[in-house]
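Trainee: Protein chains in written order, with my numbering: chain A, 1 to 104; chain B, 1001 to 1473. Beta carbons: idealized from backbone N, C-alpha and C, even for Gly. Just so we're clear, the structure is a prediction, and the values are computed from it rather than from any experiment. Would you mind keeping the following structure in view while I ask a few things?
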Amino acid sequence: MTELIEKGTWVEIYNVVLPANERAPQVPEDTQRVPLEMRVKGFLLAPAAIGEDAEIETLSGRHLRGRLAEVNPAYTHSFGSPVPELTPIGCEVRALLHEKGRMQ
Amino acid sequence: MTQESYAAIMDQRAEIMRASVDIDYEQYTTGRLAFDYERLMADTGYDIATALAVQKTTAVGKTPLVELKNITALARTVSKPGKGARIFVKDEEANPSGSFKDRRASLSVHEASKRGYSGVAAATSGNYGAAVASQAAKAGLRCIIVQEAFDSEGVVQPEIAEKTRACEAYGAEVIRLSVGPELFYMLLRVLKETGYFNASLYTPYSVLGIETLGYEIALQMQEQSGVFPDVVIATHAGGGNLTGTARGLRKAGAVNSQVIAASVDLSGLHMASDHDFNRKSFTTGHTGFSIPFTTWPDRADVPRNAARALRYMDRFVTVTQGEVFYMTQLLAELEGLERGPAGNTSLVAAFVIAQELDEGQIVVVQETEYTGAGKHPLAQLNLARQMGIDVRRGDPRDNKPGQCIIIPEHPSQLAVVNIDMEYVRRSYLHNAIKSLPEGESLSEVDLAFLAEETRISQTHVQEILNELTGKTR
Ligand SMILES: Cc1ncc(COP(=O)(O)O)c(C=O)c1O
């Protein structure tokens, strides 16, 4: 049995908006080959299971249907590791300024 | 939301637009191509004083103009003696949502509110979404932002991920789409369904809201140094930033300040390509937008684009991705300003162009934007590596968008590439001819209009048109 997510939970739904063969005529070939997909977040209006059809109320108050994709989706974007090509730049230019007597 | 095909929605484009921006663009038509740009702008009722007054109510504008003394000093270590103009930056990060886009959103949201719309919508993957969401939050309006956010592998461009978060933080609904120009199709569907106001990037309200930026620069510079800036550089994409800034400078009397457009060179990468989407380390201020929009502004969502950069541009330069990342580092480490990528594009140009000018002259970079997770050189370069792009130190001239990003080894390597303005004008006129309906010809009014659009004489316009039509027919 798949677990039902409670009504009112903050979730994301997924939909295919335009299938691969119905995309705008001007899109390049590589983009033509894939569907136009959509993801929107909102509050679940009735209990539903992940992967099943669900209805949400979005932050603008609209009601949208789609496949329940994620529960309380995380913001995972970050900085990542320092980039070695950038790390020494500050030291380099400070040295240049000191050399020319320009650093206040 | 009812599902309608791409073609069915695009067929309703004109009526949906008419209802959602409430401007009758038709009445401004004066020729086959010509329209009365100044009357379109003036009829909105927003002069500078009115725009400033509206922006004051939402804490937009009045941002500091900061002299970058250490970056200027660094430019002078590599310039010829006596060269190296003073570089200033307008710290637009100080706006409520962290960029000049708050100016751009403010009048639209004000107008939507005044006209009784219940919400606003916009198609934008950038700072503008956060700005509209922020202004709408304060005005008590609902807000929907449509973004192009991820590729077919589900990889999200990190800067856009941050914009999604910001919009949601301001209480907006965010519709995230995969790669493709159909974001405008989705916007039309949303506008049709909700009856919201279209806070388009390209209405007169948007551009008039940016005029205060140029106006403030002129007055602050006068106050701080007793002169208008010699050069103002704008990071250039769709053209609103440059257009609004230049118009504002003129309205403040700074009619002799040279206005320069700077874009990141992304040549070779296709803007609607799923494959190329995450091989770009910049989401705006790049040639993928700036070349098409400069050479034909009326490709926007509204019938007449109020952002007409070619009318205001004295010079147009490109810089490379690696140079902008290098400069972002300099701004943080030499000036204590950790700022987002976009404004640093024009800062690279300023660093180079200052070296063409005398020490006593003044160059202004007209914006900064906020930085943060995703919206940062580290996030972008880590993604670039993951996408197989070669990131290395070296000579920025070896840059190849989508293949390698070259971080300069020395400030003397920073350079700009001038885009030939004659080429840009010809390209504009070529597009103008293409847009002329079959069998129609240009009138005197059109020629005068095209001369204004391209800033050359009517005779010169006619010469180029003759050449082009000789070739194309
Ligand atoms: C911070 C910032 N600077 C510059 C630009 C470019 O402005 P425009 O598209 O009006 O040329 C943008 C917009 O995308 C932006 O967000």
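Cutting at 6 Å between CB atoms, please list the residues of its own chain near residue 17/A, excluding the five before and the five after it.
Mentor: Along the first sequence, read from residue 1 onward, the residue named residue 17/A stands at position 17. Within the same chain, residue 17/A has close Cβ partners 36 and 38.
Trainee: Return the CA-CA distance between residue 80/A and residue 1161/B, expressed in angstroms with no decimal places.
Mentor: To locate residue 80/A, count along the first sequence from 1; it is residue 80. To locate residue 1161/B, count along the second sequence from 1; it is residue 161. The alpha-carbon atoms of residue 80/A and residue 1161/B are separated by roughly 14 Å.
Trainee: Check whether the Cβ atoms of residue 1450/B and residue 1429/B lie closer than 8 Å to each other.
Mentor: By 1-based counting over the second sequence, the position of residue 1450/B is 450. By 1-based counting over the second sequence, the position of residue 1429/B is 429. Contact flag set, yes.
Trainee: Run the proximity test for residue 1062/B: is its beta-carbon closer than 7 Å to any non-hydrogen atom belonging to ligand 1?
Mentor: By 1-based counting over the second sequence, the position of residue 1062/B is 62. Residue 1062/B: no, Cβ never under 7 Å from ligand 1.
Trainee: State yes or no: is the C-beta of residue 1249/B nearer than 7 Å to some heavy atom of ligand 1?
Mentor: Here the question's residue 1249/B lines up with position 249 in the second sequence. Because no heavy atom of ligand 1 lies under 7 Å away, the Cβ of residue 1249/B does not count as near it: no.
Trainee: Which two residues bound the contiguous alpha helix (DSSP H) that contains residue 1138/B?
Mentor: To locate residue 1138/B, count along the second sequence from 1; it is residue 138. Taken as a continuous stretch (DSSP letters only), the alpha helix (DSSP H) holding residue 1138/B covers 1127-1139.
Trainee: Spell out whether any CB of chain A is found under 8 Å from the CB atom of residue 1270/B.
Mentor: In the second sequence, residue 1270/B corresponds to position 270, counting from 1. Interface residue, yes.
Trainee: Mind listing the chain B neighbours of residue 61/A? Cutoff is C-beta to C-beta under 7 Å, in chain order.
Mentor: As a first step, residue 61/A must be located in the first sequence, where it is residue number 61. The contacting residues are 1142.
Trainee: Does ligand 1 have a heavy atom nearer than 7 Å to the CB of residue 1369/B?
Mentor: Position 369 of the second sequence, counting from 1, holds the residue named residue 1369/B. Indeed, a heavy atom of ligand 1 lies less than 7 Å from the Cβ.
Trainee: For residue 154/A, which residues in the same chain have their Cβ closer than 8 Å to its Cβ, ignoring the five residues on either side in sequence?
Mentor: Not covered by the structure: residue 154/A. The range shown for chain A is 1 to 104.
Trainee: Who are the near neighbours of residue 1204/B in its chain, counting only those whose CB is closer than 7 Å to its CB and skipping five residues on each side?
Mentor: Numbered from 1 along the second sequence, position 204 holds the residue referred to as residue 1204/B. Taken in chain order, the residues that qualify are 1040, 1041, 1044 and 1306.
Trainee: Could you pull out every residue in the same chain whose Cβ sits closer than 8 Å to the Cβ of residue 1214/B, ignoring the five residues on either side in sequence?
Mentor: Here the question's residue 1214/B lines up with position 214 in the second sequence. Only 1232, 1244, 1245, 1246, 1247, 1248, 1249, 1250, 1251, 1252, 1254 and 1366 meet the Cβ criterion.
Trainee: Taking 7 Å as the cut-off, does the CB of residue 1286/B come closer than this to any heavy atom belonging to ligand 1?
Mentor: As a position in the second sequence, residue 1286/B is number 286, starting the count at 1. Because no heavy atom of ligand 1 lies under 7 Å away, the Cβ of residue 1286/B does not count as near it: no.
Trainee: Indicate whether at least one CB of chain A lies closer than 8 Å to the CB of residue 1351/B.
Mentor: If you number the second sequence from 1, residue 1351/B lands on position 351. For residue 1351/B, the answer is no, since every Cβ of chain A falls outside 8 Å of its Cβ.
Trainee: What residue range does the beta strand (DSSP E) around residue 37/A cover?
Mentor: Along the first sequence, read from residue 1 onward, the residue named residue 37/A stands at position 37. First-last of the beta strand (DSSP E) with residue 37/A: 36-44.
Trainee: What does the Cβ neighbour count give for residue 1008/B, buried or exposed, with the cut at 16 atoms within 10 Å?
Mentor: Locating residue 1008/B in the second sequence gives position 8, where the first residue counts as 1. Exposed: under 16 other Cβ atoms inside 10 Å.
Trainee: Taking the alpha helix (DSSP H) that residue 1205/B belongs to, which residues open and close that run?
Mentor: For the purposes of this step, residue 1205/B is taken as residue 205 along the second sequence, with counting starting at 1. Unbroken alpha helix (DSSP H) run through residue 1205/B: 1204-1225.
Trainee: For the alpha helix (DSSP H) holding residue 1293/B, just list the boundary residues, first then last.
Mentor: In the second sequence, the residue the question calls residue 1293/B occupies position 293. Unbroken alpha helix (DSSP H) run through residue 1293/B: 1287-1295.
Trainee: List the residues that DSSP assigns as beta-bridge partners of residue 1369/B.
Mentor: Residue 1369/B sits at position 369 when you count from the first residue of the second sequence. DSSP output for residue 1369/B lists no bridge partner at all.
Trainee: How many whole angstroms separate the CB atoms of residue 1188/B and residue 1013/B, which I take to be in contact at a CB cut-off of 8 Å?
Mentor: Along the second sequence, read from residue 1 onward, the residue named residue 1188/B stands at position 188. Along the second sequence, read from residue 1 onward, the residue named residue 1013/B stands at position 13. With 8 Å as the limit, residue 1188/B and residue 1013/B qualify as a contact, their Cβ atoms being about 6 Å apart.
Trainee: If you reduce the DSSP assignment to three classes, tell me which class residue 1102/B lands in.
Mentor: Here residue 1102/B refers to the residue found at position 102 when the second sequence is read from its first residue. Helix at residue 1102/B.
Trainee: For residue 1195/B, which residues in chain A fall below 8 Å Cβ to Cβ?
Mentor: For this step, residue 1195/B is matched to residue 195 along the second sequence. Result: empty, since nearest Cβ-Cβ is about 12 Å, beyond 8 Å.
Trainee: Using beta-carbon positions only, say whether residue 1362/B and residue 1085/B come within less than 8 Å of one another.
Mentor: To locate residue 1362/B, count along the second sequence from 1; it is residue 362. To locate residue 1085/B, count along the second sequence from 1; it is residue 85. Yes, these two residues count as a Cβ contact at 8 Å.
Trainee: Among the residues of its own chain, which have a CB less than 8 Å from the CB of residue 1384/B, if the five just before and after it don't count?
Mentor: Numbered from its first residue, the second sequence carries residue 1384/B at position 384. Within the same chain, residue 1384/B has close Cβ partners 1279, 1281, 1391 and 1405.
Trainee: Kindly list the residues whose CB is nearer than 7 Å to the CB of residue 1295/B, restricted to its own chain and excluding five residues on each side of it in sequence; keep chain order.
Mentor: In the second sequence, the residue the question calls residue 1295/B occupies position 295. Answer for residue 1295/B: 1424, 1427, 1428 and 1431, listed in chain order.
Trainee: Considering only C-alpha positions, which residue in the set 1381/B, 1178/B, 1144/B and 1141/B is nearest to residue 1152/B?
Mentor: Locating residue 1152/B in the second sequence gives position 152, counting from the first residue. It is 1178/B whose Cα lies nearest to the Cα of residue 1152/B.
Trainee: Which chain A residues are close to residue 1367/B, counting only those with a beta carbon under 9 Å from its beta carbon?
Mentor: As a first step, residue 1367/B is located in the second sequence; it is residue number 367 there, counting from the start. Per Cβ cutoff of 9 Å: no residues; residue 1367/B is ~22 Å from chain A at best.
Trainee: Mind reading off the beta-carbon distance from residue 1286/B to residue 1237/B? Whole number of angstroms is fine, and I expect it under 8 Å.
Mentor: In the second sequence, the residue the question calls residue 1286/B occupies position 286. In the second sequence, the residue the question calls residue 1237/B occupies position 237. 7 Å between Cβ atoms; contact.
Trainee: Which of helix, strand or coil does DSSP assign to residue 1270/B?
Mentor: On the second sequence, residue 1270/B is found 270 positions in, with the first residue counted as 1. The answer is coil: DSSP assigns residue 1270/B none of H, G, I, E or B.
Trainee: Below 8 Å between beta carbons: does that hold for residue 1099/B and residue 1134/B?
Mentor: Residue numbering aside, residue 1099/B sits at position 99 when the second sequence is read from its first letter. Residue numbering aside, residue 1134/B sits at position 134 when the second sequence is read from its first letter. No, the pair does not count as a contact, with Cβ atoms beyond the cut-off.
Trainee: Which residues in chain A have a C-beta closer than 7 Å to the C-beta of residue 1181/B? List them in chain order.
Mentor: Here residue 1181/B refers to the residue found at position 181 when the second sequence is read from its first residue. By Cβ distance, chain A contributes 24, 26 and 27.
Trainee: Could you tell me if the beta carbon of residue 1236/B falls within a distance shorter than 7 Å of some heavy atom in ligand 1?
Mentor: If you number the second sequence from 1, residue 1236/B lands on position 236. For ligand 1, at least one heavy atom lies less than 7 Å from the Cβ of residue 1236/B.
Trainee: What three-state label does DSSP hand residue 15/A in the structure shown?
Mentor: Taking the first sequence and counting its residues from 1, the one referred to as residue 15/A is at position 15. Strand at residue 15/A.
Trainee: Tell me residue 1086/B's beta-bridge partners as DSSP assigns them.
Mentor: Translated into positions along the second sequence, residue 1086/B becomes position 86. According to DSSP, residue 1086/B bridges with 1362/B.
Trainee: Going along the chain, which residues of the region 1295-1318 of chain B sit with their C-beta nearer than 7 Å to a C-beta in chain A?
Mentor: The region 1295-1318 of chain B vs chain A, Cβ under 7 Å: nothing.
Trainee: With three or more beta-carbon pairs closer than 8 Å as the criterion, would you say the region 1258-1265 of chain B touches the region 1337-1350 of chain B?
Mentor: Yes, since at least three Cβ pairs between the region 1258-1265 of chain B and the region 1337-1350 of chain B fall closer than 8 Å, the two stretches touch.
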